[in-house]
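Enquirer: Residue numbers (the numbering used here): 84 to 1057. By construction, the Cβ of each residue, glycine as well, lies at the ideal position given by its N, Cα and C atoms. Below you'll find the structure I mean.
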């Protein structure tokens, strides 16, 4: 604290090394109860910490393949040599037009400007303003006041992101109030990506490369007869060494050999010492020729492509040159003569074109040569020529009901395929519901802490014990069994955690029971934690698990179940209006009454009648629970009506033979998840209407929506295992008694007798090779003798050489479309672009942009999918870098299927993309059931006629789930 005598006072402040590279001087004064502050930044250059580097080249211009010794001298700020360690790189300067140096300036990294550190204390009341919300009984959600709604906030607390096409949660609720500034802060957070600098476009990058190749050629002239040297080494990096040490005099030397590229080469050296003295330097050298040639070709070709191969001949002398230009090709066929004579003006260039066709796959070698008197140049490029074709996979599945004896499929195999590539697999089983047994080992181990997590271990353990008991399976045998749900290597990749020692089940159940007993409250209920208030949903969840464990033969203290049921009876009426919660409680109460653990009070019965009267407001999950509740309470008529009401809201797919309820993918209420809703609906149908036509499709949907060997979480998995175990018990598929045979083109390829004794082992796979399969129609017949159900599936693989290649798929499909950007001038908006469909065989001009739309339809919810869009050779991706944000927008499926309209639903899935020479790959970790669309852009560059091989999609860990689009042929004109 300094006391002033007067209005001005000089104060000396000692500046030390600690203040480098900058320091802030703050002053504060209090006078007349007012605070005055000021701040100045003082720059303290760390000059003594900066090294000076001098990169010495023998000369500025070099010939291709010429060698050079480069010397680097390191000195300190005082000019004296300093010993240091160097990182040195030499690369094509044009690369920096595409990607800036990520390392940056080492001096700025260590001694860049430092921001002032400030400590601030704030409270939420300084940042947030609140708006009161009110509960809307019909919508079951908070409604906001009118003045707040006018701000554009959605009523359910979601705001649509127009740029990315998905809804994001923008508001939080606390005590019935909504924070406005929370919305604003979240909205600002989404701007970062939009404000990021744009990547350099492909034309700009390529022009940078061309200019680097073209300018400042040598004025020297060659002497003697022309000795044509073919240039073929076009590396972008000449030298890289992260650790080069100088001698005691600060000198370091490296040896480099320039490749064949005629371009500018940037040498970058960074130095550092033990005391963190740092420095860097850059220099540029060039490789040049007076007469040079450049080859312009696509990156690759596809069989049957016709491409224009261009040779650019550049004259950097002061004279007009007459040159003979020749193109030699091996692996592609030239349509016209390979030799041309041209004249090139001084400091100008001429282009010569050749038409070439790719007739066979492999590698094409193209050599361009130019000779003018004593001057010459030649360059070589190798082009991969990919096979015109893709491996196609077609899957079909179905079943024979108990009263059916035969079924037949026709599979079409084109004659245009690689010889010997056709392979057919036929799988036959008495039940596919047994695939749920593959989840048992993974349910047996799960970490827990709170009540919900304890139940996530306890309930699955009980489910496993009951399932093993119901099906009379040996625990040790199940640990190593595969029931057709998943292969071991795939299970390990998707769900590596979890013990498989099912013999410890009793110990796990006992420990879970002890923990639940310890966490029960005095009112009989359970909360999320032992210290939390009792929660009706959690209590009902625990009571269900306890009742189920008793059914499995576990000894449960009566006060645990009785206390929980008493708590539920008291709180049941308090949940009035919360239909999903009341239905969940009703199921637990009626289950307890059915087991003789309680009786239904008049109040509970009255509330169940209220639920019945409002059944039109129930979702599928709640209807299934209420149907089971009435069934357990002895009211069969109401139970049957509620099961019939499940037809409302069912989502079916006739082609996939599936049916399900609830939402796919993301959902915001526990009762709207598709897996649990479908599992409970299946249990309700099995218990109340076992001949319901939706039972088989619902079971099929659950089986197809596994993630690895289990479902999305342990609770989902436990519910599905319960449902499928009920299915096996009701349908008695494991009590099969039948004979079957499989015929392909009239030849028997498999047969088996299935009984109760071998039902679990009866899944058989028959492989049929090209000796049985034929061109065109192939008939697969299934013949059954017996009154049991039989499931079958066929998987056909072959390498198609069709033209055009047609689309195919199993469980997913992908459609690819091209749209050309057609520009037109307008009076007010300037030049605008329309997207015009580009059909098979149509033409786009070089330089025009093309939008690629990949429309993917998923029959179920899937994880870890890859879509590889194979590009036509003459087009390049507009985007330059992999990993940039891209999204798969979900379309309104019914609108798209019926009317072809591409209207988004507001949801999207983030993806990772990789740009490659021949393709653009998209990796999607989660793809919900429905129709999704991916968009990206290409630019037409090389003239010719090109084949865009199909887009290929597959699930990484379930290879049978795959698809390919159709082929598109594109012409690129000048």
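Would the stretch 957-970 and the stretch 1020-1029 be scored as touching if the rule is three or more Cβ pairs under 8 Å?
Expert: Yes: at least three Cβ pairs fall under 8 Å.
Enquirer: Quick check on DSSP: helix, strand or coil for residue 610?
Expert: Here residue 610 sits in coil by DSSP.
Enquirer: Determine the extent of the alpha helix (DSSP H) in which residue 190 is found, giving its start and end residues.
Expert: Unbroken alpha helix (DSSP H) run through residue 190: 189-194.
Enquirer: Just to confirm the assignment, what range does the alpha helix (DSSP H) spanning residue 727 have?
Expert: That run of the alpha helix (DSSP H) goes 719-728.
Enquirer: Per DSSP, residue 112 forms a beta bridge with which residues?
Expert: In DSSP, residue 112 forms a bridge with 119.
Enquirer: Helix, strand or coil: how does DSSP classify residue 431 here?
Expert: Residue state, collapsed to three classes: strand.
Enquirer: Using 8 Å as the threshold, is the C-beta distance between residue 468 and residue 447 below it?
Expert: The answer is yes: Cβ separation under 8 Å.
Enquirer: Using CA coordinates, which residue listed in 548, 1042, 312, 419 is at the minimum distance from residue 590?
Expert: Here the closest residue by C-alpha is 548.
Enquirer: Between residue 673 and residue 619, how many whole angstroms is the CB-CB distance? I'm expecting something under 8 Å.
Expert: At roughly 15 Å, the Cβ-Cβ gap does not stay under 8 Å, so residue 673 and residue 619 are not in contact.
Enquirer: Going by CA-CA distance only, name the one from 931, 112, 146 that's closest to residue 90.
Expert: Ranking the options by Cα distance to residue 90, first place goes to 112.
Enquirer: Does DSSP put residue 301 in a helix, a strand or coil?
Expert: For residue 301, the predicted structure reports a pLDDT of 33, less than 50, and the residue's modelled location is therefore unreliable. A value from the coordinates is still provided. Here residue 301 sits in coil by DSSP.
Enquirer: Where in the stretch 923-983 do unbroken runs of the beta strand (DSSP E), each at least 3 residues long, occur, reported from the N-terminal end onward?
Expert: Correct list: 926-928, 932-941, 945-953, 958-960, 969-974.
Enquirer: On the criterion of 16 or more Cβ atoms from any shown chain inside 10 Å, does residue 903 qualify as buried, or is it exposed?
Expert: Residue 903 is buried by the Cβ-count criterion.
Enquirer: Using the DSSP secondary-structure output, state which residues sit across from residue 459 in a beta bridge.
Expert: 454, per the DSSP bridge assignment.
Enquirer: Residue 884 and residue 499 - do their beta-carbons sit closer together than 8 Å?
Expert: Contact flag set, yes.
Enquirer: Quick check: does the Cβ of residue 417 come within less than 7 Å of any heavy atom belonging to the ligand PLP?
Expert: You won't find the ligand PLP in this model; it holds no ligand whatsoever.
Enquirer: Spatial neighbours of residue 191 within its chain, please: C-beta separation below 7 Å, excluding the five flanking residues on both sides.
Expert: Within the same chain, residue 191 has no close Cβ partners at all.
Enquirer: Could you check which residue in 1007, 360, 462 has the C-alpha nearest to that of residue 1036?
Expert: That would be 1007, whose Cα lies nearest to the Cα of residue 1036.
Enquirer: Assess contact between the stretch 351-367 and the stretch 136-155, defined as three or more Cβ pairs (one per stretch) separated by less than 8 Å. Is contact present?
Expert: Flag = yes, the stretch 351-367 and the stretch 136-155 touch.
Enquirer: Spatial neighbours of residue 267 within its chain, please: CB distance less than 6 Å, with the 5 preceding and 5 following residues excluded, ordered by chain position.
Expert: Since pLDDT at residue 267 reaches only 31, below the 50 mark, its modelled position is unreliable, and no value is offered.
Enquirer: Please work out which residues of its chain come closer than 7 Å, Cβ to Cβ, to residue 1051, disregarding the five sequence neighbours upstream and downstream, and give them in chain order.
Expert: The residues are 899, 901, 923, 1031.
Enquirer: CA-CA distance, residue 380 and residue 434?
Expert: One C-alpha to the other measures close to 13 Å.
Enquirer: When burial is assigned at 16 or more other CB atoms within 10 Å of the CB, is residue 343 buried or exposed?
Expert: Its Cβ being crowded by 16 or more others within 10 Å, residue 343 is buried.
Enquirer: Distance, Cα to Cα, residue 84 vs residue 109?
Expert: Rounded to whole angstroms, residue 84 to residue 109 spans 12 Å at the Cα level.
Enquirer: Please report the straight-line C-alpha distance between residue 968 and residue 938, rounded to a whole angstrom.
Expert: Distance between the alpha carbons of residue 968 and residue 938 is about 18 Å.
Enquirer: My parser needs the beta strand (DSSP E) runs of 3 or more residues fully inside the stretch 779-867; what are they?
Expert: If we require 3 residues or more, the beta strand (DSSP E) runs fully inside the stretch 779-867 come out as 821-827, 830-837, 847-851.
Enquirer: How many angstroms separate the CA atom of residue 821 from the CA atom of residue 948?
Expert: Each residue's Cα considered, the two are about 38 Å apart.
Enquirer: Taking buried to mean at least 16 other C-beta atoms within 10 Å of its own C-beta, is residue 950 buried or exposed?
Expert: Burial call: buried.
Enquirer: How many whole angstroms separate the CB atoms of residue 197 and residue 104, which I take to be in contact at a CB cut-off of 8 Å?
Expert: Their Cβ separation, rounded to whole angstroms, is 7 Å, which keeps residue 197 and residue 104 in contact under 8 Å.
Enquirer: Pull the bridge partners of residue 324 from the DSSP assignment, please.
Expert: Its beta-bridge partners are 171.
Enquirer: What number of angstroms, rounded off, separates the C-alpha of residue 39 from the C-alpha of residue 124?
Expert: Nothing about residue 39 can be read from this structure; the chain reaches only from 84 to 1057.
Enquirer: Tell me the DSSP secondary structure of residue 731 in three-state form.
Expert: The answer is coil: DSSP assigns residue 731 none of H, G, I, E or B.
Enquirer: Which residue's Cα is closest to the Cα of residue 476: 450, 972, 896, 466?
Expert: When each option's Cα is compared against that of residue 476, the closest is 896.
Enquirer: In the DSSP assignment, find the unbroken alpha helix (DSSP H) run with residue 415 in it and report its ends.
Expert: Element bounds for residue 415: n/a, residue is neither H nor E.
Enquirer: Within 10 angstroms of its Cβ, does residue 324 collect 16 or more other Cβ (buried), or is it exposed?
Expert: It is exposed - the Cβ of residue 324 has fewer than 16 other Cβ atoms within 10 Å.
Enquirer: Please report the straight-line C-alpha distance between residue 488 and residue 480, rounded to a whole angstrom.
Expert: Going from the Cα of residue 488 to the Cα of residue 480 covers about 16 Å.
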